[in-house]
Each structure stands twice: as structure tokens, then as C-alpha cells.
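Step one of this worksheet: look at the structure below.
Here it is, written out as C-alpha cells:
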């Protein structure tokens, strides 16, 4: 039976890297080896260069772009140009920039308004309260929360609109609280109290549940043997731990051991459902895994709550529809939903384009387990979150 070590959570790692810069007494154990985390580490190492402005390029790393925009704006007197790949220059940051400007930040756009590259001059903020809409990206809120305890008077964030990807905000708050930083939360606002320092401590990072999802998909499709994955906490702060609940409907049960190990067990004599419907507003990164698993198993599906997928590494809704239609499936999308109306596959010897998106490659790898003649273009894009994905996926 495969026994696989899954990379550490990229989401937790990137939050801790920002906090470690602010609080050097923080030690991190089992940091993610994902490209996004390496990019953020490199960027943080460049902050104290003598050049002015300091030029930082985050490539495709969206989390790094959002988190650094907030952090750099607080570094009094320092000047930065923050840029990224061509795709990054198409991903909006206006909501976050306006929130920071309302706090006193000095940020301007070098090309198109609302998008990178950004020119940032660090300042000491003169205000400690801000409003922000929460219906576009949770990373905007997390970026503010991460700098909040280091601000002279902390920060109160007033929330507007319907919240998306809520577990990622809860993850950020959970990390702050674990480090001893005081927070208060209600439906309308979040308050983070100032903290000049934290106790010296080591934070151990568990495996990435989003990365584990592809092994759930393969277990459901192949239905051959249990798969062991490590290291995972039963009481994880990651929202994508819900993959264990979703895949019960695919006939995969999850057993937790007492050594940070989970066992994915395919049910015997499983009768697949005709259709599955999920609201993924809180777990949008699982959308591709679930959709491709449904396609591979011939299950109709209706997925909603997907509005954030339009501004990811690619327009994931359009990309999934385009690639699934190549296979013969009938797929419809809206601004926030995807429906596989007819999951019948008529072609398999085709090439799947991945659009510089790691999750496109890893999700369609599930289908490739069933149809080995399927080709996945740019398989190397997985380095963004899971550098040795193909090696480990081949062991199933």
C-alpha cells in the first residue's frame, strides 16, 4: 500500500513566513518546498537591500503578491517596486491597495490601475481601522491580518459583503492566536490587538490538504487499495480538510491514525451517485479535483460558489470547460458555477492544456490514471505547490 509524505501546507507556510519577518523569534518546522513559498522566502530576504527602489518580482505567486503588498507598505522609508508574471499583471489587487491607502499607505500603480506592478513607499500608518469587501478574495483580508499585530495600535477590519473562502481567514486568525496574539471576531468585524513581540516558539506545519485531494480523486477512480498519507492533523486549521467529507460521496472513507497519518480507503461494492452537488464557496481550491473526479467516474455534477476561480492562476472555470469539452463532455459555466451535464468521455488520446496552473495539471492527472493515453501539457507547473507530485502520484 502506498505510504506517501505530502508537502507541508503552502498556505500556512506563507503566513508564517510573513509573521517570522515581523517576529524573528518565531521558528518554523517543516516549511513548504512549494515554489510559491520559495519565492516568498527570496522576496523577504531582499527587503533589506541598500538599493532604492528595491525591485521584487514574485512571478506567478499570488499569495506572495497580496501578502507583500501589505507588508512592504508598513516598512517606513523604504521604497519598492513589486511586480510579477504577465498573468500576475492581470490579477486584481485594487481592493487590497485601497484598504491599505485608507490606512495611510503610499502605493501607486506603475501601469494599469488596479493591477501590478506597484510602487510602494513604506510608511507608519496613522489609522487603525478600515473597511474591506470580502466577496472577492480572502487573501486581501489575510494580508491585512498578518501585518495587524505589528501596527502601533493594531487593526480593526470592518467586513462588507458575503465572505468567500472563509476558512482561509480563520486559518490566519488561528495562527495569530496560536502565537499568542489577541484577536476578537464577529460577523461584522475582526480586531487584532498590537503585539511588539511574541514568545520564542516553533510552529510545526502539517501536510497540505489541497495537495492531498488529488490522491483522494485517484483512490476514488481506481478503487484498488488504501493509500496512506502523512503528516495530517485531525483538528487541522486548513479549510480544505473538508475534502475528506466530500469524498465520502465518492466512496472513499478517511481513517486517522495517532501518528499524523490518514488512510484513504475505497469502499467495496460502492454504488456511484447519478449526480453530486456541492457549494464550494469556502473550499474553491477543491473544485477542479471534484469536477475531474466526477468526469472520470461518469457522475454528473453541479458546483457553485466558484466566483474566485476567475482570478486564479488562470480563469479556472473557462479552462475546465475547455479541456473537458475536448474529451467529449458537455459542460456549462456561469460566473460562479460549473455543471457537467453529460460526463461521457468519447476521446482520450488528446492533450490537456494546463494554462500555467498547477491545479489544472494535478486534477487532470486523476483522469490520466484511468486513461493513460491522455497527455498533460506543461506537467512541470506542479512545482508551484507540489514539486515531486508526479513521482508520488505514480506510486498509487
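Residue numbers (the numbering used here): 2 to 397.
Note that beta-carbon positions come from the ideal geometry of N, C-alpha and C, so glycine has one too.
Three-state secondary structure assigned by DSSP to residue i
| i | result |
| --- | --- |
| residue 224 | coil |
| residue 229 | strand |
| residue 99 | helix |
| residue 272 | coil |
| residue 3 | coil |
| residue 267 | strand |
| residue 280 | strand |
| residue 244 | helix |
| residue 1 | As shown, the chain starts at 2 and ends at 397. That puts residue 1 outside it, with no answer to give. |
| residue 249 | helix |
| residue 285 | helix |
Range of the contiguous alpha helix (DSSP H) that encloses residue i
| i | result |
| --- | --- |
| residue 40 | 36-47 |
| residue 390 | 390-394 |
| residue 235 | Segment: none, residue 235 is in no alpha helix (DSSP H) and carries neither H nor E. |
| residue 148 | 139-148 |
| residue 386 | Where residue 386 is concerned, there is no enclosing alpha helix (DSSP H), given that its DSSP letter is neither H nor E. |
| residue 13 | 11-23 |
Residue i classed as buried or exposed, judged by whether at least 16 other C-beta atoms fall within 10 angstroms
| i | result |
| --- | --- |
| residue 382 | buried |
| residue 269 | exposed |
| residue 162 | exposed |
| residue 6 | exposed |
| residue 332 | buried |
| residue 53 | exposed |
| residue 25 | exposed |
| residue 181 | exposed |
| residue 159 | exposed |
| residue 376 | exposed |
| residue 205 | exposed |
| residue 128 | exposed |
| residue 84 | buried |
| residue 30 | exposed |
| residue 259 | exposed |
| residue 313 | buried |
| residue 140 | buried |
| residue 189 | exposed |
| residue 271 | exposed |
| residue 109 | exposed |
| residue 373 | exposed |
| residue 207 | buried |
| residue 146 | buried |
| residue 14 | buried |
| residue 168 | buried |
| residue 246 | exposed |
Option nearest residue i by Cα separation, candidates the options
| i | options | result |
| --- | --- | --- |
| residue 125 | 136, 107 and 117 | 107 |
| residue 326 | 345, 290, 49 and 153 | 345 |
| residue 20 | 81, 135, 82 and 143 | 143 |
| residue 297 | 195, 284, 349 and 104 | 349 |
| residue 60 | 86, 286 and 50 | 86 |
| residue 51 | 231, 89 and 81 | 81 |
| residue 215 | 130, 309, 369 and 138 | 369 |
| residue 292 | 394, 379 and 222 | 222 |
| residue 280 | 228, 200, 123 and 303 | 303 |
| residue 278 | 341, 328 and 217 | 341 |
| residue 157 | 39, 386, 101 and 314 | 101 |
| residue 323 | 301, 312, 314 and 355 | 355 |
| residue 74 | 89, 193, 88 and 97 | 97 |
| residue 285 | 316, 123 and 76 | 316 |
| residue 35 | 9, 56 and 336 | 9 |
| residue 384 | 28, 11 and 249 | 11 |
| residue 78 | 150, 121, 110 and 309 | 121 |
| residue 367 | 388, 290 and 337 | 290 |
| residue 336 | 169, 311 and 272 | 311 |
| residue 103 | 358, 116, 44 and 71 | 71 |
| residue 230 | 266, 250 and 252 | 266 |
| residue 135 | 361, 166, 306 and 237 | 166 |
| residue 252 | 294, 232 and 213 | 294 |
| residue 262 | 288, 234, 276 and 250 | 234 |
Heavy atom of the ligand PLP within 7 Å of residue i beta-carbon
| i | result |
| --- | --- |
| residue 213 | In the structure on display, the ligand PLP does not appear, and there are no ligands present to speak of. |
Beta strand (DSSP E) segment containing residue i, residue limits
| i | result |
| --- | --- |
| residue 158 | 156-161 |
| residue 291 | Looking at the DSSP string, residue 291 is not in any beta strand (DSSP E); the run it does join, the alpha helix (DSSP H), is 288-298. |
| residue 258 | Counting along the chain, residue 258 falls outside any beta strand (DSSP E), and DSSP gives it neither H nor E. |
### Task
Return the chain-ordered ranges of every beta strand (DSSP E) run that is complete within the stretch 165-221 and spans a minimum of 3 residues.
Unbroken beta strand (DSSP E) runs of no fewer than 3 residues, entirely contained in the stretch 165-221, are found at 184-186, 190-193 and 202-205, following chain order.
### Query
Where are the alpha helix (DSSP H) runs, 4 residues long or more, that stay fully inside the stretch 302-382, in chain order?
As far as the stretch 302-382 is concerned, its whole alpha helix (DSSP H) runs of at least 4 residues are 317-327 and 359-371.
### Message
Threshold first: 3 residues or longer. Then list the beta strand (DSSP E) segments lying entirely within the stretch 47-135, N to C.
### Response
Runs of the beta strand (DSSP E) inside the stretch 47-135: 55-58, 80-84, 107-110, 119-122 and 130-134.
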